[in-house]
Structures are given as structure tokens and as C-alpha cells.
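The structure appears below as C-alpha cells.
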Amino acid sequence: MMLLAVLSGFLLAVVVPAVYRLTGQHVGWALALLPALLTAYFASLIPAIGDGEIILVENQWMPGLGVSLDFMIDGLSLVFALLISGIGTFILIFAGSYLKGHKDLSRFYVIMLSFMASMLGLVLSDNLITFFVFWELTSITSYLLIGFNHEDAEARKCALQGLFVTAGGGLVLMAGLILLIFITGSYSFSEILASGLAVEEHGYYLAAVICILIGAFTKSAQVPFHFWLPNAMAAPTPVSAYLHSATMVKAGIYLLARLNPSMGEGLLWSYALMILGASTMLTGAYLAFSSTGIKKVLAYSTVMALGTLTMLIGIGTELAITAFICVLVAHSLYKGALFMLAGAMDHETGTKDITKMGGLWRSMPKTAMITCLAALSLAGLPPLFGFVAKELMFESLLNAPLLSWTLLAAAVTASIMVVAVAGLVSIKPFFGPVRATPKQPHDAPFAMLIGPAVLSLIALVFGMVPFLPAGFVLDAAVSSVYGSGVQTALALWHGVNVPLMLSGAGLLAGSLLLVSWQQLQPRLYAINTIASRFGPEAGYFRIMLGITQIASWQTRLLQNGVLGIYLLILVLVTFSLTGYTLLTRHGFHLSSDFSDSFFYEWVIALMIVASTVFASVTKSRLGSVASVGVLGFGVALIFIHFSAPDLGITQLLVETLTVILLVLVLFKLPPFVNLSSPWERYRDLAVAVFAGVVMTLLMLAVLDIQYFDSISSYYIENSYGLAFGKNIVNVILVDFRQLDTLGEIFVLALAAMGVYSMIKLRAEDQHKS
Amino acid sequence: MKSNTLILHTAALAIMPLQLMFSVFLLLRGHDEPGGGFIGGLVAASAFVLYAFAFGAESTRRILRVSPRDLLAAGLLLGLASTLPALWSGQAMLTAHWWELPLPGNNYLKLSTVLIFDIGVYLAVLGTLMTFVIGLMESEE
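Respectively, the protein sequence lines represent chains Y and W.
Converting from the first sequence to my numbering requires adding 292 to each position, the first position being numbered 1.
Converting from the second sequence to my numbering requires adding 29 to each position, the first position being numbered 1.
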């Protein structure tokens, strides 16, 4: 059931084109049924999880490698799963209307559903490797969605940037997860969390923390990796609403929260999260305030929220974790809603620029109302859930054990700017003098407004009666991040206290900022343009340039198109390493005993040597091909002589076919000329002799000493018993090592495709010229 | 490239069916005696190569009926398909499955995913080599 729930998105994605043909323009509503059902399914787990239960579901995948499709549901993953499927429902409905008639609409849904399934897999996986697979899948689907308008060069560039940053971070994360597996000896989150190991005392702890943090920070757009997220706004708005505010960018946060109980004891963890989280929060808030595109404003305020979340995990007190869960839920609700509303505005007015919008409430009253409601939650005003979350955050900062005042100052500054930002997205476009927009504005259709309306209403209800969601599932989520049972006491009204006064002051200062935005923004924009030359994004471009330069340098050096050089390098490296190992591990002692060799063995050996020498000195190509063939047949004779008929037959057949292929190619080659200088020929000879000597010594050493028991005895014993075959060679190929063979036939196919395209392309070139 | 000698024509027509039958024989007995999909595929490929040398690429395509690349793809598909029964019954991927069909005279026909996989290897090898050879021969014409 759980497996089906996670993978259903992939299954539905396959049949999207058919569904589209069937339902036409109502495709959004039809597809939204799946996430709606999933929401209901996850909601049905609430009572059990609310009681503190943890559900584990086991599915085997690759048991030999420790990889399984095990799922774990506790409070934290359930909250995420509900957000993913719940918001996903509305996003799919919204997208059907927003992208109505788009020629690639079914492709959009295919990727969107695959993303949803990957994201669900990510938050529900219990196995670290499976978690990583889903993590990378979200990066890839995000890449495809950012670059959805693939004919736009800018969108492609942004998509690639997002992919490089998140997938690059993903590689580092993989190293971190593997280190974590080394430390704990377990592949499973639930086991790691339950073991209560003192992870921070292990020698690998430092490296593991750094790797995991880099992975999480790139995914969740923390400073200095924050630049990819605003650029990801090149995606269609439903994507921004879903991936780049409500779900995917929170994957890093999810990982931090998930590992907090076992890794949060270390000081490095706390300080890194607090300091980088706070800087991200400030950077995001400032950049949001100084942008004019409505999607950019929202994107930067998402960066700010992600920073806040990271900081709260870093503080790690019971109160801070409660605030963390509340901010997480509140942010997903209002930011998902605001992004969809921004899409609606953009769709109906034809512009994304806030400065070009004004007085829209007359023409778009419903949109205006819902936007204001959602913006209230963003600003953290009562009676919305955003207020509850913000108050909790202030309170937890007041009681933070480390850096309390610094963090509080940062949070207050950020919240002042967020009040202004909330004004920017709600008051600025809808009130004030009417401005002419590119399109004649009117209210957005029902399908575009239902999602934001429901999400904002939920935020309102949660704000009015915060103990309701708390009792159901938030407490369980807080407990799973904190590491032990927690009973929260959420309330809208705590009386007049310090957090409330801070909120009041923030509101006042924020309103002042909003009023002066018109004057401030152009100046800030000018400063940002100068600063961006030294910012992390400039660093990103420099690194990318450096990578291309290194790549072209080493290609010129190693792969310069001269086949002889490739061969030379391959042979030298292989045999130097082999020779080094042989000398250091085995030493140089020969014991050659040829007494039990037969006369005809010598004949075969002589034939092989003679054909080799002839092949390398002859000036006739046909002659050298034929003598290489003789060499091959000699080897086949040896196989047959030492009773390996399978190898012998194979060798004979391969030799025959190779000679035929060579003969076919032979006529295409230019006439035989001497291109290499004598020096180069002596160099090649030396390398060849070196390789031959090393190989001979190696073979003699192999005969001389046996380090391990021969593995063939295992196959001899078990070939018939386990695999029902008497031909051990074949049983190894198709049963014991079937995966290798499967890989090999794919390599064969690749080679065939390569040769085929090379022949075809050449033929076409000749055709043209 | 097409030869015009009568000897090669006659010999190819006589030898090729034998080679093909032998290749299937090698494929089927491969699990217990020397042989198997790889060797069988090589023998089958050499049969078609002989035919191609005698009668040219065009007629070889005609007797193959399908494009060599489709043979290759079918081989890969069979190779992958043979891994599915194990997944279906909840075992680790690539676990072999065996079915024994009773035949008259107290004999049994041993069928298995391993055999399907071996047929896949056979087709992949045949497809690869024929892609090479036919491609090269056609580029000359």
C-alpha cells in the first residue's frame, strides 16, 4: 500500500498523454484526483502517528547492497507527505488553467507527477541510499521543469545552473551519507535514530557533517548557494509554487531535521546552522525587498524562510523545534498560495513587474482578497498561522542558549523587511492609482483561485485554533525532530509579552519601509548590481569557466585524436601500476620450471611469438591482419589444450569475425605511409617491451604463489546445485554473474550504435561534399 | 562488396543453414555442455556474414527480415525481461526461475529465465555484429 502510494505518481505519469486525450482541457482536475487520494490516505494515518507511533514498511530492492525500498512514517515525514500531496492537488488544478492549451501540457504533467512521486519517496524513505536516489530524482525533475520552456536560452541556462548546484551538492551529500553509514553501521534512518549513538565522538563526524551540510545547503538555497533559486523562477509559475517554495527546496531542511536528533549534539552542527541560517535569512529578506519582479520577490522571501528554518534547527531547543515545524507549515501554506496568486496576476495582467501594477482590486476583487489574506500570514499578523509561528520564533530566540541576542536582532531585522515585502505583493499591485497593464485585467478563473483560497483559509483556521493541528500531528513532528516526546502548547494569544512587542515594532518599522520603497528600491538595485560582481553567483560562473578550461586543456593533452597516444597512455598507466604492485608486494624472484612441458606446447608458443613479431614489422596491412589472426588461433589452441572448450570456441569465432571486420575496414584506410619519427618508434617499442616484461613476470608470479583460495571450487560445487547447469562457464555468465553480463550486452549495444553512427555520419558527409 | 564465384555461392547456401542450426543447438545446450548464447550468437553472425560475402548486404538484410539494430534491441529487451519474474514474486532482482514442463516418455523440458536471458545475449551479439558488418558493407557501396 505504502509502496503503491509512493510510486503511483510515476505510474500515472506514464499514462498522462492518454488521460489528456480523454479529458481535454479538464486534465488538471482529472490528474489532481491522485494527490487528493494520497492526501486522504496520509490523513488516515494521522491518528496513529499523532499517538506517537512510527510506521515502518519493508520492501526489498537490492538486499545484497543494503538498498531497500523501506519506508518510515513518523510525525516529520507525515507533515511533509501531507504538504506534498495536499499542495500538489491544488497545483495540478492550477496548472491546468494556467497552461491551458500549451502545446507541451502533457509533458509538463509527466514531469510534475514524477517529481511529486520522487518528493514523496524522499520524505518517506527509511533507507539512506534510496533516500539519495529520490533526492537526485527531485534535482533532475526540477531541472526539466525549470527548463520547461526549452526554446528560451535563458531558461535553459537557469535550469542548468540549478542542476549543477543541486546535483553537485548531491554528490557531496552522497559522500556524507556513506560516511554516516560507516559511522553508524546502518543503512536505515530509523535504526540510526533509534540507536542513540554518540555520532559526534566518531573520527568521521567532522567530514560527515560538512558533506551533509553542503548537500542540504545547496538543495535548500542557503548562503552562499542561494543564487540558483531566484533564477529557477524561469520555470512556469506552478513549478515555482510547488518545487521552489513549498516542497523541493525544503528537502535539505527535511534532511537536517531528520538527522538533528543524532547529529545535533555537535557544536559544529549548531553553529553552522545558526550562523549560515541567520545570514541566509537576512540576505533573502534584503534581496526580496530590493527586487521588483513579483516572482523574484517571492523567491527571495523563500530564501529568507529557508534560512529561518535552518537557524531554528541549529538552536535545537524544544521551543525552537516547535517554532521550526510551525514556520515550515505556515510558509508552505502562504508561499504556495502567494506563488499561485502571482501566477494569476501575471496571467491576467501580462506583467510580472510590481511597479507596473496598481489599483487592481477593482478589476480582480477575489484575487485581491485572497492575496491579502495570504500576505497577512507572510507578514506574521494575527489571526493567521504565520503569526503563531513568528511569535514562537521570537520566543525561542529569546531563550536560545547560544548567540541569543545576535540571532534575535537578525530575526527582527528580517521580519521588518518581510512586513514590507508582504505589502509589496499585496498592497502595491492591488491598491493605489490604477496603472495600465499589458493585458486588460479581470479576475482569474476558478481553477486558479481555489488552491490559494483553500491554503489561505487553512492558514486562517490554524491561526485561530492552533491547538487543533498541534494535537493531531504537529506534536508528533516536533518530537521526531527533537528526538524525544514533546507536548506543545500553541495559542494565538499569549498576552502582552516581549515577542508581541517585537512584532508590533516590526509591523511599524516595516510599514515605514514600505512607504519609502519607491525611493529606496532603485538605489538598492544599483548597489546590488555592483555587489553582484563579487557575489557567489559570479564565483559560480568563474568556477564553470575554470572547469571548461581545465577540460579543454586535459583533452588537448590526453585525447588529442592521435590513437597511438591513447594506447601509449593506457598501456603505460596500466602496466606501471601493475609492475609497481608486483614489485612491492611480491618482489622479484623467478622460478621457472619447464620440465613438464610438451613439444607441441613449444610449437604453439613459437607460432604465437613469430606471428606477433611479423605483425609488428610487416609493411603490408593484410599481412599484419592475417598474422594477428594466427596469433588468436594460437591462443585458442592453448585454451583447447588446457581443456577450456568454451573459451576456445569463443576465441576462434571472435578471431574469425575480427579478421573479417578488419578486412572490411582495410580498404577504407589511406595508403600505408610512415608518419612517425624513428624516436617515436623506439619509444613505442620500449613501452611495448615494458608491458610484455611486466605481464610475463606477473604470469610467472601467479604460477609461483597463490594468495587466495581459487574461487572456481565454489562454482564447481554449486553450479549444479544452485543453478541447475553443468557448464560452469555458462552458469557464471547467465546466472551467478548475470548482472555483469547484462551490463556487457548493453556495452555491446552502445559500441554497435557508436560504430553505426560513425559509418552513417561519414557516409552522409561524403554525400554532401 | 559481392563475390561472383559460383563456389562461394553454392557453399554459402549449403553451409549457412547448417551454421544457423548449429548456433541454436549451441545456444540451447549451453547450460550443460560447451556453448551458450554468446557462442551461439557468434556462430549465427558468422553464418550471416558468409551469406553477406556471397550475396551482398542488400540480400542479407532481406533474409534477416528485421533490421540488425532491432535484433540488438530485442536482445536487450529479453535480457531485461528475464529479470522481471523474480521481482514479480518479491525476490531480489535477477533471481533465476525454473519451470519444468513434462513431456511424453518421462522427459522434462527445462525452461527458465536463464534461458530467456541467454536468448537475449544471443540476439544482442548477433545484432551487434550484423550492425557492424552490414553497416560497413553498405558504406562501401
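All residues carry an ideal CB built from backbone N, CA and C; glycine is no exception.
The structure displayed is predicted, hence computed values, not measured ones.
Along chain W, which residues have their Cβ under 7 Å away from the Cβ of PHE1038 (chain Y)?
LEU105
So that I know if they touch, is there some Cβ in chain Y lying closer than 8 Å to that of ALA83 (chain W)?
no
For LEU158 (chain W), which residues in the same chain have their Cβ closer than 6 Å to its Cβ, ignoring the five residues on either side in sequence?
ALA74
Could you tell me whether any Cβ in chain W is nearer than 8 Å to the Cβ of MET354 (chain Y)?
yes
Looking at the structure shown, is ASP1001 (chain Y) part of a helix, part of a strand, or coil, going by DSSP?
coil
I'd like the list of long-range same chain contacts for PHE474 (chain Y), defined as Cβ closer than 7 Å, with 5 residues on each side in sequence excluded.
TYR496
Assuming LEU665 (chain Y) and LEU760 (chain Y) make a contact with CB atoms under 8 Å, what is their CB distance in whole Å?
The Cβ separation is near 19 Å, so there is no contact.
Would ALA597 (chain Y) and LYS627 (chain Y) be called neighbours here (beta carbons separated by less than 8 Å)?
yes
Using a threshold of 8 Å, state whether the C-beta atoms of PRO522 (chain Y) and LEU633 (chain Y) are closer than that.
no
Work out the CA separation of PRO530 (chain Y) and GLY320 (chain Y) for me, nearest whole Å.
12 Å
Is the stretch 812–825 of chain Y touching the stretch 562–573 of chain Y, taking contact as three or more C-beta pairs under 8 Å?
no
Taking the CB atoms as reference points, tell me whether LEU304 (chain Y) and LEU405 (chain Y) lie closer together than 8 Å.
The answer is yes: Cβ separation under 8 Å.
Let me know the secondary structure DSSP gives PRO744 (chain Y) once reduced to three states.
helix
Output the distance between the C-alpha atoms of GLY777 (chain Y) and SER771 (chain Y), rounded to the nearest integer angstrom.
Take the alpha-carbon of GLY777 (chain Y) and the one of SER771 (chain Y): they are about 5 Å apart.
Bridge partners for VAL349 (chain Y) per DSSP, in chain order?
Y:PHE363
Within the stretch 645–722 of chain Y, note down every full alpha helix (DSSP H) run reaching 4 residues or more, in order along the chain.
657–671, 677–690, 696–722
According to the neighbour-count rule (16 or more other Cβ atoms, all chains shown, within 10 Å of its Cβ), is PRO339 (chain Y) buried or exposed?
exposed
So with CB distances below 9 Å, who are the chain Y contacts of MET166 (chain W)?
LEU956
Where TYR137 (chain W) sits in the DSSP three-state scheme
It is a strand residue.
Is it true that the CB of GLY462 (chain Y) sits closer than 8 Å to the CB of GLY507 (chain Y)?
yes
Distance, TYR401 (chain Y) Cα to GLY715 (chain Y) Cα
33 Å
Starting from the beta carbon of ASP61 (chain W), find every residue of chain Y whose beta carbon is closer than 7 Å, and list them in chain order.
GLY1017, LYS1018, ASN1019
LEU384 (chain Y) versus Y:ILE504, Y:LEU325, Y:MET637, residue with shortest Cα-Cα distance
Y:LEU325
Step through the CB atoms of chain Y and report whether any lies within less than 8 Å of the CB of THR157 (chain W).
yes
Quick check: what's the CA-CA separation for PHE161 (chain W) versus SER168 (chain W)?
11 Å
Alpha carbon to alpha carbon, how far is LEU106 (chain W) from GLY356 (chain Y)?
Answer to the nearest angstrom: the Cα atoms are 24 Å apart.
At 7 Å on the CB atoms, spell out the chain Y contacts of TRP127 (chain W), in chain order.
Close to TRP127 (chain W), with beta-carbon spacing below 7 Å, are these residues of chain Y in chain order: PHE1016.
Any residues in the stretch 918–942 of chain Y with a beta carbon nearer than 7 Å to a beta carbon of chain W? Which ones, in chain order?
Within the stretch 918–942 of chain Y, the qualifying residues are PRO937, ASP938, ILE941, THR942.
Can you round the beta-carbon distance between VAL717 (chain Y) and ALA667 (chain Y) to whole angstroms, since I take them to be within the 8 Å contact cut?
6 Å
What's the gap between the Cα of VAL854 (chain Y) and the Cα of LEU967 (chain Y)?
In a straight line, the C-alpha of VAL854 (chain Y) is about 11 Å away from that of LEU967 (chain Y).
Whole angstroms are fine: how far does the CA of LEU55 (chain W) sit from the CA of GLY544 (chain Y)?
If I take the Cα positions, the gap works out to 55 Å.
In chain W, which residues lie with their C-beta within 7 Å of the C-beta of THR1033 (chain Y)?
VAL150
Beta carbon of ALA615 (chain Y) nearer than 8 Å to that of MET685 (chain Y)
yes
Assuming LEU295 (chain Y) contacts LEU361 (chain Y) under a Cβ cut-off of 8 Å, what Cβ separation, rounded to an integer in Å, is found between them?
With 8 Å as the limit, LEU295 (chain Y) and LEU361 (chain Y) qualify as a contact, their Cβ atoms being about 6 Å apart.
For the putative contact between PHE867 (chain Y) and VAL986 (chain Y), defined by C-beta atoms under 8 Å, what is the C-beta separation to the nearest angstrom?
5 Å
Run through DSSP, which three-state label would LEU882 (chain Y) get?
coil
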